[in-house]
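Read the structure below first, then the notes.
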Amino acid sequence: MHTMIDSGLVADHNAKLQANLEADYAALGGVLARRGQDIEQLTALAQTFAVAVPSWGTGTGGTRFARFPGLGEPRNVFEKLEDCAVINQLTQATPAVSLHFPWDKVSDTAALRETAQAYGLGFDAVNSNTFQDQAGQAQSYKYGSLTSHSAAVRAQAVEHNIECIELGRALGSTALTVWVGDGANFPGQHNLRGALERYLDSMRDIYGALPADWQLFIEHKLFEPAFYATTIADWGTSFACASALGPKAKCLVDLGHHAPNTNIEMIVARLAQFGKLGGFHFNDSKYGDDDLDSGSINPFQLFLVFNELADAAEREGAAFHPAYMLDQSHNVTDPIESLMSSAVEVQRAFIQSALVDRAALRHYQEANDVHASAQALKQAFRTDVSAILAMARQRSGAAIDPVACYRSSGYREQRGVARPPKAGASSSGIV
Ligand code: LRH
Ligand code: MN
Ligand code: MN
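Residue numbers (the numbering used here): 104 to 534.
And the structure:
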């Protein structure tokens, strides 16, 4: 397998940290053993964890006010794959990439697939984009895409989604995520029910083009760019649409797409209960769709989401496997560092949720022992599982400390030389 960072460098890095890791691991193993938990099982579980990396997250993001490009940003989808390869090499937790079309310009799917395979990467859900106009496009999405009053606009948006399926199929993806910014900025701008009817008509055409083994993920978002009434604003609308479309359609929960204080873990529980939890876009936020690094603002919420996932997995077994993806915008950090540490934070929540003694929790709940129930979760959340995650990485051939290893590799500086900014590149857009 082709590695972007010299594997000898990773081995040297790990050798320096090995003794301390073993001491921390033994100490944590002792704590867990007293609770009746086997650290080796947890480490093996951590090694199975995977979350997909968004191709668009490898470039520096921005806001609608400005974008401040970073050093050596990837200039095309092949360079994005190089960065994704680094992230997976150092974490062994991100073996798949989620592409976004047409941000990712793919003309030769066979070459892209081959390159990804050489890095040990695959492709997760592909994402369509009908929330922006592209150069040379016949119809504008200014007043909506899948919900547009214009049949020609809707047809163009449907056609783009079908092209995404075709590209994804050639690359080995098995899911399409559809997020539309469609909606109204003013009361009266459109008929609320009529817009959803048109959305469903368009989505039926997209659904009809899905290969047999594909899933269609509907991603809801409360607001922005439509500030009065977003057509797919909430999980209820998403659920109703997924149900109307059929079994291949499921709901995707982007953690940033809710009002502050929304009980997202309850949404997760509801969607899981009714078989419609398709997947996640992980990120964190304080206000709304901030797209900050996972676990950076509210790690307890992330843990509680994984606690619901652990409950669903216990009930449903292997049949329950929602898709995990990161969806973040890195405006002031090195995207590779943010994506590596975010993958580890999501993995942390996964392992913390595995610490919850589910039988004991059920017993406390049934006995109405509220304090003990809450403490069962808190004890798991408070447990520092860093040594488990680091040992899982070490055993999988990744870095004990991914960010430190990455910094010492000089990869970013080397990319600064290998990828000079395109002449005349504007400061807007992340691609
Ligand atoms: C919308 C969103 C959606 C898009 C991505 C770029 O806010 O979360 O997933 O595809 O951002
Ligand atoms: Mn998203
Ligand atoms: Mn978003």
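Where a beta carbon is used, it is the ideal one built from N, C-alpha and C, also for glycine.
Please name the residue or residues paired with residue i in a DSSP beta bridge.
{"i": "P177", "result": "According to DSSP, P177 bridges with nothing at all."}
{"i": "Q318", "result": "A278"}
{"i": "L395", "result": "D387"}
{"i": "T333", "result": "G286"}
{"i": "L428", "result": "Checking the displayed sequence, the identity of residue 428 turns out to be Met instead of Leu. In DSSP, M428 forms a bridge with A155, H384."}
{"i": "K353", "result": "F320"}
{"i": "T163", "result": "H433"}
{"i": "V408", "result": "Answer by DSSP bridge pairing: none, since V408 is not bridged."}
{"i": "G225", "result": "A199"}
{"i": "N230", "result": "H203, T280"}
Counting only the same chain and skipping the five closest in sequence on each side, list residues whose C-beta sits under 8 Å from that of residue i.
{"i": "G160", "result": "L429, D430, Q431, S432, H433, P438, S441, L442"}
{"i": "Q240", "result": "Q259"}
{"i": "E266", "result": "F204"}
{"i": "G225", "result": "P198, A199, V200, A219, G275"}
{"i": "L313", "result": "I268, L279, L319, K351"}
{"i": "S511", "result": "L112, H116"}
Can you find the residues in the same chain that come closer than 7 Å, C-beta to C-beta, to residue i, ignoring five residues on each side of it along the sequence?
{"i": "A463", "result": "A479"}
{"i": "L380", "result": "K353, C354, V371, L374, P425"}
{"i": "T218", "result": "F181, L184"}
{"i": "S399", "result": "D387"}
{"i": "T194", "result": "M443, A446, V447, R496, A501, P505"}
Of the residues the options, which one's Cα is nearest the Cα of residue i?
{"i": "L249", "options": "T340, Q144, L299", "result": "L299"}
{"i": "T436", "options": "E419, V506, A347, Q455", "result": "V506"}
{"i": "A129", "options": "G500, E516, M494", "result": "M494"}
{"i": "R272", "options": "L215, D392, V189", "result": "L215"}
{"i": "P328", "options": "W282, T212, A155", "result": "W282"}
{"i": "L145", "options": "S456, P350, S158, D304", "result": "S456"}
{"i": "Q121", "options": "R498, P524, K525", "result": "R498"}
{"i": "L325", "options": "A336, A343, A126, A315", "result": "A336"}
{"i": "N410", "options": "M369, Y427, F181", "result": "M369"}
{"i": "E417", "options": "A147, N366, D460", "result": "D460"}
{"i": "N364", "options": "P157, F403, L348", "result": "F403"}
{"i": "A147", "options": "G513, K525, G139, F453", "result": "F453"}
{"i": "S210", "options": "E269, A169, A221, P157", "result": "E269"}
{"i": "E322", "options": "R170, G359, S341", "result": "S341"}
{"i": "P524", "options": "Y244, W338, P172", "result": "P172"}
{"i": "A490", "options": "V113, R296, L135, D109", "result": "L135"}
{"i": "S305", "options": "H293, D316, H263, G291", "result": "H263"}
{"i": "D109", "options": "P157, E125, N123, A188", "result": "A188"}
{"i": "I190", "options": "K208, N471, P157", "result": "P157"}
{"i": "Y222", "options": "A477, Q192, Q237, A228", "result": "Q192"}
{"i": "Y427", "options": "I142, D127, A153", "result": "A153"}
{"i": "I367", "options": "A343, L348, W338", "result": "W338"}
Using 7 Å as the cut-off, classify the Cβ of residue i as near or not near the heavy atoms of ligand 3, replying yes or no.
{"i": "L359", "result": "Note that residue 359 is Gly in the sequence shown here, rather than Leu. For ligand 3, at least one heavy atom lies less than 7 Å from the Cβ of G359."}
{"i": "K324", "result": "yes"}
{"i": "D316", "result": "no"}
{"i": "D394", "result": "yes"}
Nearer than 7 Å: is that true of the beta carbon of residue i relative to any heavy atom of ligand 2?
{"i": "D430", "result": "yes"}
{"i": "W282", "result": "yes"}
{"i": "H384", "result": "yes"}
Would you say residue i touches ligand 1, meaning its beta carbon is less than 7 Å from a heavy atom?
{"i": "H433", "result": "no"}
{"i": "W159", "result": "yes"}
{"i": "N230", "result": "yes"}
{"i": "H263", "result": "no"}
{"i": "H203", "result": "yes"}
Within its chain, find whatever has a CB closer than 6 Å to the CB of residue i; leave out the 5 residues flanking it on each side and keep chain order.
{"i": "E185", "result": "M107"}
{"i": "F234", "result": "G284"}
{"i": "E516", "result": "none"}
{"i": "S530", "result": "Note that S530 has pLDDT 38, beneath the 50 cutoff, so the model's placement of it is unreliable and the number below is only indicative. For S530, where only same-chain residues beyond five positions count, the Cβ hits under 6 Å are R170."}
{"i": "F423", "result": "A415, A416"}
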